[in-house]
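Peer 1: According to this note's numbering, the sequence shown is numbered sequentially starting from 83.
Could you have a look at this structure, given as structure tokens, before my questions?
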Amino acid sequence: MRLNLSLPVFALTAMLAVACAQDDAASPSDLTIISDTVGNVIHVTNSGTPPLARLELVESIGPTTLTDTGSPEEFGGVNSVAPGPAGEVFVADGRNFEVRVFGLDGAHRRTFGRQGEGPGEFRSLYSLAWAGDRLLTYDPAQGRIGEWSAEGQWLGQQATEGGYSGPVSRVRLYPVGPDELFRPGLGASYESEYGSALKSLLIGLNSRGETGDTLARLDGPAGGLPSGITCQSEGMISFFTIPFAPQFVQHPGPGGVMYSALTSTYRIAVTRYDGTDTLRVIERRLPVEPIQDDEWEAGNRDYEEWRAEQRGASCEPSGPTRPDGKPFIDDLFIAPDGKLWVEVMRTAGNRWEVFDTGGKLLASFSAPERGGRVVPAFGPSDHLLTIRKDSLDLDHVDVWRLERGN
Numbered sequence: 083m084r085l086n087l088s089l090p091v092f093a094l095t096a097m098l099a100v101a102c103a104q105d106d107a108a109s110p111s112d113l114t115i116i117s118d119t120v121g122n123v124i125h126v127t128n129s130g131t132p133p134l135a136r137l138e139l140v141e142s143i144g145p146t147t148l149t150d151t152g153s154p155e156e157f158g159g160v161n162s163v164a165p166g167p168a169g170e171v172f173v174a175d176g177r178n179f180e181v182r183v184f185g186l187d188g189a190h191r192r193t194f195g196r197q198g199e200g201p202g203e204f205r206s207l208y209s210l211a212w213a214g215d216r217l218l219t220y221d222p223a224q225g226r227i228g229e230w231s232a233e234g235q236w237l238g239q240q241a242t243e244g245g246y247s248g249p250v251s252r253v254r255l256y257p258v259g260p261d262e263l264f265r266p267g268l269g270a271s272y273e274s275e276y277g278s279a280l281k282s283l284l285i286g287l288n289s290r291g292e293t294g295d296t297l298a299r300l301d302g303p304a305g306g307l308p309s310g311i312t313c314q315s316e317g318m319i320s321f322f323t324i325p326f327a328p329q330f331v332q333h334p335g336p337g338g339v340m341y342s343a344l345t346s347t348y349r350i351a352v353t354r355y356d357g358t359d360t361l362r363v364i365e366r367r368l369p370v371e372p373i374q375d376d377e378w379e380a381g382n383r384d385y386e387e388w389r390a391e392q393r394g395a396s397c398e399p400s401g402p403t404r405p406d407g408k409p410f411i412d413d414l415f416i417a418p419d420g421k422l423w424v425e426v427m428r429t430a431g432n433r434w435e436v437f438d439t440g441g442k443l444l445a446s447f448s449a450p451e452r453g454g455r456v457v458p459a460f461g462p463s464d465h466l467l468t469i470r471k472d473s474l475d476l477d478h479v480d481v482w483r484l485e486r487g488n
């Protein structure tokens with residue numbers, strides 16, 4: 083990824099101040115947005131407090147008790163969710179190999195799909211998303227994108243690479259527009275530090291098929307702090323995550339662009355041509371939060387205890403390096419309406435921050451509890467769907483609506 087740092091040739095400063103308060107802040111809004119063009123790259127910097135906003139819970143879909151009766155709201159395992167037309171919520175139950183449809187009132191409306199290899203059947207159900215008026219389902223084990231009507235009628239299929247596996251947070255469909263999304267794909271072979279590998283791609287789709295937009299997943303910036311430790315001992319390899327270490331996150335966007343960021347800096351680059359051409363940089367100014375000693379010690383306890391037992395092990399790096407502060411970004415997403423949603427990590431609790439297509443901060447509000455295995459989904463009228471587990475380890479789908487102002 084290249085950022086052109088030549089002198090500014092154009093600068094535009096815009097200030098926005100409104101007299102609302104954040105949902106958990108007493109100070110009035112003092113949002114300031116500065117936009118500069120530096121060497122043909124637009125830099126948008128957001129600082130201060132945005133206008134008041136909050137998430138309102140519309141409905142929670144899931145069991146209230148463990149009855150094991152097979153009722154529709156007793157999910158075997160939710161892999162993906164998507165808001166649909168007519169105020170409906172589509173849920174991919176990967177363990178039961180079916181799509182369950184609910185209203186915004188939580189009432190079950192219909193179920194379709196089953197285990198198998200024929201039309202309308204799944205060997206794996208990893209993800210679902212809308213392309214126009216068609217619901218697409220991703221079955222990586224079978225190498226197939228299924229096409230359905232909103233009523234659950236099988237309309238056809240698209241072939242993909244088969245045998246894909248991995249976490250459903252990564253091996254999934256990436257909706258970026260009302261009729262635009264991306265699926266995982268494989269490219270040419272290359273030599274990695276672990277041997278030969280295939281380049282990881284994202285293939286553009288719409289309701290008519292492939293769009294021709296093919297994106298390579300970007301590599302993170304070279305150098306910097308490592309995010310993990312790899313150890314070898316007695317013929318075994320062990321991996322340990324370094325707490326608070328920077329990670330590289332990315333998400334495709336409409337028109338074949340890629341949004342990416344290093345989590346240690348609240349700076350998001352919008353690039354094209356496999357990261358060689360930077361179009362926009364979106365920056366948010368927040369104070370750095372320090373890592374407390376007890377947090378650092380707790381985060382490294384597993385590694386230190388293992389190292390004490392395996393003194394002859396060889397580790398690279400030899401130990402964790404403490405970052406200067408906590409990361410800012412947990413993850414980022416593009417909603418079908420083009421808005422950028424950033425989940426921000428703060429000691430007081432994660433927050434969602436929403437930006438328009440030009441990089442202007444629209445809202446900041448507390449993020450509700452959600453599991454990390456399944457990504458959230460975004461719908462019209464600023465609806466958000468999240469998945470969480472209850473005390474019985476049962477999946478629930480929470481439907482939220484973003485409310486602005488008072």
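All C-beta atoms in this analysis are idealised placements derived from N, C-alpha and C, irrespective of residue type, glycine included.
If you're wondering where the values come from, they're calculated on a predicted model, not measured in any experiment.
Checking 8 Å against the spacing of the C-beta atoms, do P328 and P399 come in under that value?
Peer 2: Mapped onto the sequence shown, residue 328 falls at position 246. Mapped onto the sequence shown, residue 399 falls at position 317. No, the Cβ-Cβ distance between P328 and P399 is not below 8 Å.
Peer 1: V457 to R265, Cα distance in whole Å?
Peer 2: By 1-based counting over the sequence shown, the position of residue 457 is 375. By 1-based counting over the sequence shown, the position of residue 265 is 183. Roughly 15 Å between the two C-alpha positions.
Peer 1: If distances are taken between C-alpha atoms only, which option among G453, E199, L344, Y220 comes closest to A304?
Peer 2: One-based indexing of the sequence shown puts residue 304 at position 222. The shortest Cα separation from A304 among G453, E199, L344, Y220 belongs to L344.
Peer 1: Comparing the C-beta of P266 with each C-beta of chain B, is any distance below 8 Å?
Peer 2: The question asks about chain B, but that chain is absent: this structure has only one protein chain.
Peer 1: Looking at T242: is its Cβ nearer than 8 Å to the Cβ of G228?
Peer 2: Walking along the sequence shown from the start, residue 242 turns up at place 160. Walking along the sequence shown from the start, residue 228 turns up at place 146. No, these two residues do not count as a Cβ contact at 8 Å.
Peer 1: Among the candidates A223, G401, Y272, V173, whose CA atom is the shortest distance from the CA of E199?
Peer 2: Numbered from its first residue, the sequence shown carries residue 199 at position 117. The shortest Cα separation from E199 among A223, G401, Y272, V173 belongs to A223.
Peer 1: From the DSSP output, in three-state form, read off G381 for me.
Peer 2: In the sequence shown, the residue the question calls residue 381 occupies position 299. Reduced to three states, the DSSP call for G381 is helix.
Peer 1: Taking DSSP's pairing of strands, which residues face N288 in a bridge?
Peer 2: Translated into the one-based positions of the sequence shown, residue 288 becomes position 206. DSSP output for N288 lists G291 as bridge partner(s).
Peer 1: How many angstroms separate the CA atom of R290 from the CA atom of R366?
Peer 2: On the sequence shown, residue 290 is found 208 positions in, with the first residue counted as 1. On the sequence shown, residue 366 is found 284 positions in, with the first residue counted as 1. Cα-Cα distance, rounded: 38 Å.
Peer 1: Leaving aside the five residues before and after P167 along the sequence, list all residues of the same chain whose C-beta is less than 8 Å from its C-beta, in chain order.
Peer 2: Your numbering for residue 167 matches position 85 in the sequence shown. Answer for P167: D215, A232, listed in chain order.
Peer 1: Grouping DSSP H, G and I as helix and E and B as strand, with all else coil, what is D475?
Peer 2: Residue 475 sits at position 393 when you count from the first residue of the sequence shown. Three-state DSSP puts D475 in coil, outside helix and strand.
Peer 1: Once you ignore the five residues that flank S282 on each side, which residues in its own chain have a CB closer than 6 Å to its CB?
Peer 2: As a first step, residue 282 must be located in the sequence shown, where it is residue number 200. Cβ neighbours of S282 beyond the five flanking positions: R299.
Peer 1: Below 8 Å on the Cβ atoms is my contact criterion, and I expect L466 with P132 to pass it. Report the Cβ-Cβ distance as a whole number of Å.
Peer 2: Along the sequence shown, one-based indexing puts residue 466 at 384. Along the sequence shown, one-based indexing puts residue 132 at 50. Not confirmed; about 17 Å, so no contact.
Peer 1: Does the beta-carbon of A135 have 16 or more other beta-carbons within 10 angstroms, so that it is buried, or is it exposed?
Peer 2: Reading the sequence shown from its first residue, position 53 is the one you call residue 135. Buried, since its Cβ has 16 or more Cβ neighbours within 10 Å.
Peer 1: Can you tell me whether D406 is buried or exposed? The criterion is at least 16 other CB atoms within 10 Å of its CB, across all chains shown.
Peer 2: Counted from its first residue, the sequence shown places residue 406 at position 324. So D406 counts as exposed.
Peer 1: Could you say which of P418, L414, N288 lies nearest to V424 if we only look at CA atoms?
Peer 2: Your numbering for residue 424 matches position 342 in the sequence shown. Comparing Cα positions, the closest option is L414.
Peer 1: Counting C-beta neighbours from all protein chains within 10 Å, is the total for Y272 16 or more, i.e. buried, or is it exposed?
Peer 2: To locate residue 272, count along the sequence shown from 1; it is residue 190. Y272 should be labelled exposed.
Peer 1: Could you tell me the alpha carbon to alpha carbon distance between G357 and M340, rounded to whole angstroms?
Peer 2: If you number the sequence shown from 1, residue 357 lands on position 275. If you number the sequence shown from 1, residue 340 lands on position 258. Approximately 8 Å between the Cα atoms of the pair.
Peer 1: Which residue's Cα is closest to the Cα of D118: G441, D480, W230, K471?
Peer 2: Stepping through the sequence shown from its first residue, residue 118 is reached at position 36. Answer by Cα proximity: G441.
Peer 1: Roughly how many angstroms separate the alpha carbons of G63 and P418, rounded to a whole number?
Peer 2: With the chain represented from 83 up to 488, any question about residue 63 goes unanswered, as that position is not in the structure.
Peer 1: Can you give the beta carbon distance from L210 to S162, rounded, assuming they're within the 8 Å contact cut?
Peer 2: Here residue 210 corresponds to residue number 128 of the sequence shown, with the count starting at 1. Here residue 162 corresponds to residue number 80 of the sequence shown, with the count starting at 1. Yes, L210 and S162 are in contact; Cβ-Cβ is about 5 Å, under 8 Å.
Peer 1: How many whole angstroms separate the CB atoms of G335 and I416, which I take to be in contact at a CB cut-off of 8 Å?
Peer 2: Position 253 of the sequence shown holds residue 335. Position 334 of the sequence shown holds residue 416. At roughly 5 Å, the Cβ-Cβ gap stays under 8 Å, so G335 and I416 are in contact.
Peer 1: Between the C-alpha atoms of V479 and S206, what's the straight-line distance to the nearest angstrom?
Peer 2: On the sequence shown, position 397 is the one that residue 479 refers to. On the sequence shown, position 124 is the one that residue 206 refers to. Distance between the alpha carbons of V479 and S206: 20 Å.
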